[in-house]
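Notes for the one structure printed next.
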Amino acid sequence: MSRKRVLVVGGTGYLGQHLLQAFSHGATPPAPSEHQYDVAFTYHSNPPPQPLLHAVPDSLAFSVDLRTGHGLDAISHAFGQVLSTYSIFMVQPAIRTPHVVINCAALSIPRACEMDPTAALSINVPSALISCRRFINIDVNAISVYEGTKSFYKEDDETLAVNVYGKTKVAAEQFISVNYPNFTILRSSIIFGPQTVSPVPKSLPIQWIDSVLAKGNKVDFFHDEFRCPVYVKDVVNIIWRLTNSWISGYERFLKAPKNSSRRIPGVKCRRKNDSKQMQMQMLLNVGGPDRISRVQMAEAVAYYKGYNTSLIKSVSASSVRVDRGVKSPADISMDITKLIQTLDFSPTTFAD
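Each residue of the sequence shown is one higher than the one before, starting from 1 at the first, in full-length UniProt numbering.
As structure tokens, then:
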């Protein structure tokens with residue numbers, strides 16, 4: 001059985017590092033799989049940290065600038081597979097691309113996006129990855145595409161972002177839907193979990209709450225902003241399942257008789273000019289099962305670590321004393337029914 005090639009865009013980030021470890025050689029898979037993978041990843045501003053390279057020694061690292069696309073040609077030549085004219089996508093032999101591209105890269109700090117909307121748009125809308133669109137792209141997007149005026153948003157609810165970050169993510173979804181024949185967009189809530197093998201500079205929710213409560217000083221937390229935090233290893237498990245489902249379905253599809261009507265969840269199969277084609281286009285909310293406020297998140301950490309809950313000061317996000325330099329949606333909790341039904345998977349609760 002041939003090994004499949006997975007490219008993680010933004011592999012030095014928080015989710016990216018967890019994905020690299022899951023897909024790397026010798027790792028215990030998040031879920032049973034009949035496939036094995038070769039893995040590559042991209043980085044931008046700094047060389048890959050040595051702890052990460054030691055953790056995934058068989059992976060390939062590529063310097064890529066998503067604003068210009070510089071560096072993607074090297075991936076195509078060194079890590080891409082050649083697709084023949086008889087492939088299900090009927091592309092030219094010269095096209096080379098990995099089997100699966102997982103895009104975790106983003107300018108994800110809302111304040112930074114407000115300060116430089118042009119950079120946010122050029123990074124968060126994956127136009128540079130158009131050369132990698134031939135197989136399947138899994139794009140980790142943000143739940144900030146919703147306005148935040150109600151609870152438990154569904155995938156088909158209107159997207160009406162309230163800040164630049166959210167607007168660039170709406171633009172990303174629109175671009176992917178128009179230009180990518182095969183994709184899965186994952187609208188992720190706050191991702192929490194253990195620190196990465198090479199610590200990331202971005203503040204992580206649980207670690208930040210722990211650090212400020214450990215100082216013994218009172219800290220303000222919002223009681224009127226609600227999210228559905230999702231465990232990082234659950235997100236990895238979801239992406240793993242989607243990748244394996246696509247690869248397995250693709251191989252079964254190629255082997256099936258021309259008149260086969262076998263259905264694959266989330267995949268459209270059709271015929272064109274006497275050639276078989278398979279298409280996956282999917283949008284999923286990815287969150288935990290709990291709708292909780294930031295105060296409730298802090299209380300859960302305090303109970304677990306034994307901190308005095310009197311340190312947690314409940315305040316309103318609309319308080320005039322609070323200025324984050326960017327508007328934040330109040331309630332972007334999500335309905336994850338489609339996720340559970342599609343993958344037969346139940347995410348971990350925040351308390352667990």
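C-beta: ideal position from N, C-alpha, C; glycine also.
All values reported here derive from a predicted model rather than from experimental measurement.
Self-check item: Per-residue burial, Y180 [other beta carbons within 10 Å of its own, 16 or more giving buried]
Solution: buried
Quiz item: So which of S59, V100, A142, L52 has the shortest CA-CA distance to V170?
Solution: A142
Quiz item: Helix, strand or coil: which one does DSSP assign to F175?
Solution: helix
Practice problem: State the Cα-Cα distance for the pair H35 and L242, rounded to the nearest angstrom. | Solution: 13 Å
Exercise. Just mark C46 as buried or exposed, buried being the case when its beta carbon has 16 or more other beta carbons within 10 Å.
Key: It is worth fixing the name first, because residue 46 is Asn in this sequence and not Cys. Per the 10 Å Cβ criterion, exposed.
Self-check item: Three-state class that DSSP yields for F23 in the structure shown
Solution: helix
Quiz item: Can you check whether the CB of I185 is closer than 7 Å to the CB of V230?
Solution: no
Quiz item: What is the DSSP secondary structure of T97, counted as helix, strand or coil?
Solution: strand
Quiz item: Name the DSSP bridge partner or partners of F222?
Solution: V315
Quiz item: Starting from S211 and walking both ways along the alpha helix (DSSP H), at which residues does that stretch end?
Solution: Per DSSP, the continuous alpha helix (DSSP H) segment holding S211 begins and ends at 205-214.
Quiz item: Roughly how far, in whole angstroms, is the beta-carbon of F345 from the beta-carbon of A298, given that I think they are within contact range, below 8 Å?
Solution: Actually they do not touch by this definition, with Cβ atoms about 28 Å apart.
Exercise. Kindly indicate the opening and closing residues of the alpha helix (DSSP H) around T184.
Key: Run containing T184: none in the alpha helix (DSSP H); it sits in the beta strand (DSSP E), 183-188.
Exercise. State yes or no: is the C-beta of S24 within less than 7 Å of the C-beta of V8?
Key: No, the pair does not count as a contact, with Cβ atoms beyond the cut-off.
Quiz prompt | According to DSSP, residues forming a beta bridge with F62 | solution = For F62, which the question treats as bridged, DSSP gives the partners T42.
Quiz item: So V232 and H18 are in contact, right, with Cβ under 8 Å, and what is the actual spacing, rounded?
Solution: About 5 Å; that satisfies the 8 Å criterion.
Quiz item: Assuming I292 contacts A302 under a Cβ cut-off of 8 Å, what Cβ separation, rounded to an integer in Å, is found between them?
Solution: With 8 Å as the limit, I292 and A302 do not qualify as a contact, their Cβ atoms being about 14 Å apart.
Quiz item: Going by other Cβ atoms of all chains shown within 10 Å of its Cβ, with 16 needed for buried, is S333 buried or exposed?
Solution: buried
Self-check item: Identity of the residues DSSP links to Q281 by a beta bridge
Solution: F183
Quiz item: Identify the residues that DSSP records as bridge partners of A142: which are they?
Solution: DSSP lists S188 as partners of A142.
Quiz item: What's the call for E225, buried or exposed, on a 16-neighbour Cβ count within 10 Å?
Solution: By the 10 Å Cβ count, E225 comes out buried.
Quiz item: What is the residue span of the alpha helix (DSSP H) that L160 lies within?
Solution: No alpha helix (DSSP H) holds L160; DSSP gives it neither H nor E.
Quiz prompt | Residues bridged to L7 [DSSP beta-bridge criterion] | solution = A40, V101
Practice problem: With a 10 Å radius around its C-beta and 16 neighbouring C-beta atoms as the bar for buried, classify D234 as buried or exposed. | Solution: buried
Quiz item: Applying the criterion that 16 or more other CB atoms from any shown protein chain within 10 Å of the CB defines a buried residue, is S318 buried or exposed?
Solution: Exposed is the call here.
Practice problem: With DSSP collapsed to three states, give me the class of S245. | Solution: helix
Quiz item: To the nearest angstrom, how far is it from the Cα of K4 to the Cα of S63?
Solution: Whole-angstrom Cα-Cα distance: 21 Å.
Self-check item: Local Cβ density within 10 Å of A78, reported as buried at 16 or more and exposed below that
Solution: exposed
Exercise. Indicate whether P329 and G148 have their beta-carbon atoms separated by less than 7 Å.
Key: yes
Quiz prompt | Anticipated Cβ contact below 8 Å, G166 with S144, distance rounded | solution = Between S144 and G166 the Cβ distance is about 4 Å, and since that is below 8 Å, they are a contact.
Quiz prompt | DSSP state of G16 mapped onto helix, strand, coil | solution = helix
Quiz item: Are K218 and L284 closer than 7 Å when you measure CB to CB?
Solution: no
Quiz item: Would DSSP call I292 helix, strand or coil?
Solution: strand
Exercise. Return the first residue and the last residue of the alpha helix (DSSP H) that M334 is part of.
Key: Segment: none, M334 is in no alpha helix (DSSP H) and carries neither H nor E.
Quiz item: Which residue from R294, V200, V6 puts its Cα closest to that of D331?
Solution: R294
Quiz prompt | Own chain residues within Cβ distance below 6 Å of S108, not counting five before or after | solution = Excluding positions up to five away in sequence, the list is empty.
Quiz prompt | Of the residues G10, V6, S33, the one placed nearest S248, counting alpha carbons only | solution = S33
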